[in-house]
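Asks: In UniProt numbering, the protein residues as written are 1 to 279. One structure coming up, written as structure tokens, with questions to follow.
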């Protein structure tokens, strides 16, 4: 009798073991949404194809992780519609009801309708064009690699690993590309790591801003110290004239005459030219 009562007690779930078993069954039921903490990102219906593609990928990841059924995927996604997205979806549902169409019950059908509205027809073509033109530029190696990977996923590009490695290498900046080409890269991740290492080494060798300023100041000082100052044109002319035409020396002063010489000079007859000059 006691054994029967004990079994009835445990089977009824009143014990801690029974609670744990019931809780485990509750969590393992894929249709029981109350047991999951699903993080569905909100969707506002902005006119941004990349934003919609990111939202769709995040939803699919969470749905697959928790094994959510198709009908519940639609309900969970709609529960996170906000602003324009919510009003737009209400219009879709109303139009289908009026037209006699069935309710949207699968995730595939829902995403098809949403892509018709939020993904323009030229999106894939433009994405492939951007992918072909993608280069590192002013981005770091890691930023460039991540952008390339995201664009490959959005464009649904499925290519050989060697083709992706060639794509990545061709878009690197030239100085990094030259270093990576000399390395033995066994895979894409290996090539990425060696490109990041090459980037770090180049940054370490490159002069800093203060070093460039100091070098410029030193160069300017050297140029100023060894360049002779230009002299005015007048000064050079005067200096040249001084060298080529020296000033003649002054004539010697005449010796003083004695009294007898002066008297004789006075008595000397003057010629006609002298008289004319004196007159």
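Cβ atoms here follow ideal geometry from the backbone N, Cα and C, with glycine treated the same way. These figures come from a predicted structure and were not determined experimentally.
Quick one: what's got a C-beta closer than 8 Å to residue 79's C-beta in the same chain, skipping five residues either side?
Replies: Cβ within range, chain order: 40.
Asks: Among residues of its own chain, excluding the 5 on either side of residue 84, which ones have a beta-carbon nearer than 7 Å to its beta-carbon?
Replies: Cβ within range, chain order: 44, 45.
Asks: Would you call the stretch 66-75 and the stretch 172-184 in contact, with 3 or more CB pairs under 8 Å?
Replies: Taking 8 Å as the limit for Cβ pairs, the verdict is that the stretch 172-184 does not touch the stretch 66-75.
Asks: Got a sec? Which residues, its chain only, sit under 7 Å from residue 195 by beta carbon, not counting five neighbours each side?
Replies: Around residue 195: 141, 172, 176, 180.
Asks: Is the Cβ-Cβ distance between residue 156 and residue 124 less than 9 Å?
Replies: In this structure, residue 124 lies closer than 9 Å to residue 156 by Cβ.
Asks: Contact check, residue 131 vs residue 151 under 8 Å by CB: the rounded distance?
Replies: Right, their Cβ atoms sit about 5 Å apart.
Asks: Give me the DSSP bridge partner(s) of residue 81.
Replies: For residue 81, which the question treats as bridged, DSSP gives the partners 43.
Asks: Taking the alpha-carbon of residue 167 as reference, which of 126, 192, 120, 59 has the nearest alpha-carbon?
Replies: Comparing Cα positions, the closest option is 192.
Asks: Closer than 8 Å to a non-hydrogen atom of the ligand FMN - does that hold for the CB of residue 80?
Replies: No copy of the ligand FMN occurs in the structure displayed, which carries no ligand at all.
Asks: Which first and last residues belong to the alpha helix (DSSP H) in which residue 141 is found?
Replies: Run containing residue 141: 141-154, per the alpha helix (DSSP H) assignment.
Asks: Distance check for residue 93 and residue 99, CA to CA, integer angstroms please.
Replies: Roughly 10 Å separates the two Cα atoms.
Asks: Could you spell out where the alpha helix (DSSP H) holding residue 164 opens and where it closes?
Replies: Residue 164 -> alpha helix (DSSP H) spans 161-171.
Asks: Rounded to whole angstroms, what is the Cα-Cα separation between residue 114 and residue 38?
Replies: Near 21 Å, if we compare the C-alpha coordinates of residue 38 and residue 114.
Asks: Name the two residues that bound the continuous alpha helix (DSSP H) containing residue 157.
Replies: Where residue 157 is concerned, there is no enclosing alpha helix (DSSP H), given that its DSSP letter is neither H nor E.
Asks: What would DSSP say about residue 191, mapped onto helix, strand or coil?
Replies: Helix at residue 191.
Asks: What separation, rounded to the nearest whole angstrom, lies between the Cα atoms of residue 62 and residue 106?
Replies: Using only the alpha carbons, I get a separation of about 16 Å.
Asks: Rounding to the nearest angstrom, what Cα-Cα distance links residue 60 and residue 76 in this structure?
Replies: Cα to Cα, the separation comes out at about 11 Å.
Asks: If I measure Cβ to Cβ from residue 73 and keep anything under 7 Å in the same chain, skipping five residues before and after, which residues do I get?
Replies: Closer than 7 Å at Cβ, skipping near neighbours: 63, 107.
Asks: Which residues bound the alpha helix (DSSP H) around residue 58?
Replies: 49-66 is the span of the alpha helix (DSSP H), which, as asked, contains residue 58.
Asks: Measuring only the C-alpha atoms, how far is residue 129 from residue 182?
Replies: Those two C-alpha atoms are separated by around 29 Å.
Asks: With respect to the alpha helix (DSSP H) encompassing residue 130, which residues constitute its N-terminal and C-terminal limits?
Replies: 123-133 is the extent of the alpha helix (DSSP H) around residue 130.
Asks: Between 170, 145, 203, 118, which has its C-alpha nearest residue 189's C-alpha?
Replies: Nearest of 170, 145, 203, 118 to residue 189, Cα basis: 145.
Asks: If residue 119 sits next to residue 49, beta carbons under 8 Å apart, how far is it from one beta carbon to the other, in whole angstroms?
Replies: Indeed, because the Cβ distance is near 5 Å, the residues count as touching under 8 Å.
Asks: Given that a residue counts as buried once 16 or more other Cβ atoms are within 10 Å of its Cβ, and exposed if not, what is residue 101?
Replies: Label assigned to residue 101: exposed.
Asks: CB-CB under 8 Å to residue 139, same chain, minus the five flanking residues each way: which ones, in chain order?
Replies: If we look at residue 139 and ignore the five residues flanking it on each side, its Cβ neighbours are 147.
Asks: Relative to the alpha-carbon of residue 112, which residue among 178, 53, 185 has its alpha-carbon at the smallest distance?
Replies: Checking every option, the nearest Cα to that of residue 112 belongs to 53.
Asks: Thinking C-beta only, is residue 96 closer than 9 Å to residue 103?
Replies: Contact: yes.
Asks: Can you tell me the Cα-Cα spacing of residue 283 and residue 87, whole angstroms?
Replies: Outside the shown range of the chain (1 to 279) lies residue 283, about which nothing can therefore be said.
Asks: Pick helix, strand or coil for residue 137, following the three-state DSSP scheme.
Replies: Three-state DSSP puts residue 137 in coil, outside helix and strand.
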